[in-house]
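According to full-length UniProt numbering, the stretch in the sequence shown is residues 475 to 756, in order.
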Amino acid sequence: SAKRAGRGAFVTFHEQMRPNTNTQLLLEAELRAALAADQLTVHFQPIVHIPTSRVHGFEALVRWPRGGGMMSPAEFLPIAEETGLIVDVDRWVLREACRHMAAWRTTLPNTDQLTLSVNLSSQQFTRPDLVDAVRTALHASGFPAELLKVEITEGLVMERSDVVTTNIAGLKALGVGLHIDDFGTGYSSLGYLQRFDAQALKIDRSFMGGVEDRADSAELVRTITAMAHNLGLSVVAEGVETRAQLALLRSLGCEYAQGFLLSRPIPVQDVPALLERDTLLT
Ligand code: C2E
Ligand code: MG
Ligand code: MG
Ligand code: MG
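Laid out in structure tokens, this is it:
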């Protein structure tokens with residue numbers, strides 16, 4: 475009984491000192507089970523070509539339907555990253571998104587040029603089987619490699635291990651494009667980006683916020699866009715919420731916009747209706 479009391483005391487101590495540990499373990503187990511049972515889901519957010527106002531493609535964003543609601547990636551991706559589950563989550567999203575995009579290509583008009591952007595954790599890039607996984611997802615779905623864009627954050631750009639370099643070369647050899655996500659939030663210089671051979675840079679949405687009323691925010695967006703163009707990269711602006719932001723981006727020659735002004739991320743079943751609309755601006 476002394477042993478039992480001791481154990482109980484330990485659990486209490488443990489819970490008080492690290493209140494999140496049990497919750498995290500539960501969440502990890504639940505996420506693992508949800509993944510195995512195909513209970514995650516993918517939402518699609520359109521990326522609009524600014525000069526023509528046409529939908530250029532979609533970014534696939536993972537969602538976890540849980541407890542009657544929808545858990546956002548911000549809530550469960552940290553645990554997935556910590557436990558390595560992120561590798562399986564990303565690959566599940568990749569397969570699922572390719573499958574849906576390939577289906578739309580056969581059932582909906584004017585979809586043959588639509589691109590698909592998927593987010594890959596930097597953990598993927600340290601794994602020797604990344605290129606195989608991407609190739610398999612493409613072959614299984616029939617989605618063209620040239621239309622697939624892999625979004626990676628700046629952090630990875632700084633990492634120059636052999637595996638990372640080999641993976642990046644392997645994806646390029648497949649024809650898959652690399653896009654730098656959340657640009658401006660990390661520390662990478664544009665020189666690194668050039669070596670990395672990316673196709674596009676996504677300006678983080680934190681830069682869009684002050685564009686209307688702060689001259690320096692608009693100036694930052696202008697500078698990033700100009701530098702990207704000088705390096706031969708296209709620019710996608712994230713987090714576009716107002717017409718004024720869109721107008722500025724248009725005047726800067728920024729190619730693509732993504733944000734709530736155009737559309738929130740939407741579930742699979744809403745994509746056909748969105749593609750039927752002449753314009754996403756209402
Ligand atoms: P991200 O890749 O930068 O994706 C854009 C995020 O901004 C999405 O959040 C999207 O819903 C949100 N967003 C888009 N337009 C607007 C806007 O106008 N205003 C505001 N306030 N937000 C906007 P979400 O879906 O919650 O995803 C958050 C992050 O989680 C993503 O940021 C990405 O880094 C990560 N993520 C999502 N899905 C995956 C995935 O399958 N794998 C990995 N590794 N990461 C993912
Ligand atoms: Mg992204
Ligand atoms: Mg982003
Ligand atoms: Mg972002």
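From the three backbone atoms N, C-alpha and C, an ideal C-beta is built for every residue, glycine too.
The straight-line gap separating the alpha-carbon atoms of P739 and G531 is approximately 12 Å. Look at E715: its beta carbon is less than 7 Å from one of the heavy atoms in ligand 1. Boundaries of the beta strand (DSSP E) harbouring M545: G543 to M545, taken from the DSSP string. DSSP places P520 outside any alpha helix (DSSP H); the residue lies instead in the beta strand (DSSP E), whose first and last residues are T515 to H523. Assignment of beta-bridge partners to A534 by DSSP yields F518 and V592. Counting the other CB atoms within 10 Å of its CB gives H523 a total below 16, which places it among the exposed residues. G706 and D671 have their C-alpha atoms roughly 10 Å apart.
For the 8 Å CB-CB criterion, D562 and L622 do not form a contact. A residue is called buried when at least 16 other Cβ atoms come within 10 angstroms of its Cβ; S680 does not meet this threshold and is exposed.
Near ligand 2, meaning a beta-carbon closer than 5 Å to one of its heavy atoms, we find N593, E625 and D655.
In this structure, the C-beta of V637 stays at least 7 Å away from each heavy atom of ligand 1.
Residue burial is scored here from C-beta neighbours: P525 has fewer than 16 other C-beta atoms within 10 angstroms and is therefore classed as exposed.
Only exposed fits D586, as fewer than 16 other CB atoms lie within 10 angstroms of its CB.
The count of Cβ pairs closer than 8 Å, one atom from the region 683–691 and one from the region 641–658, stays below three, leaving the stretches out of contact.
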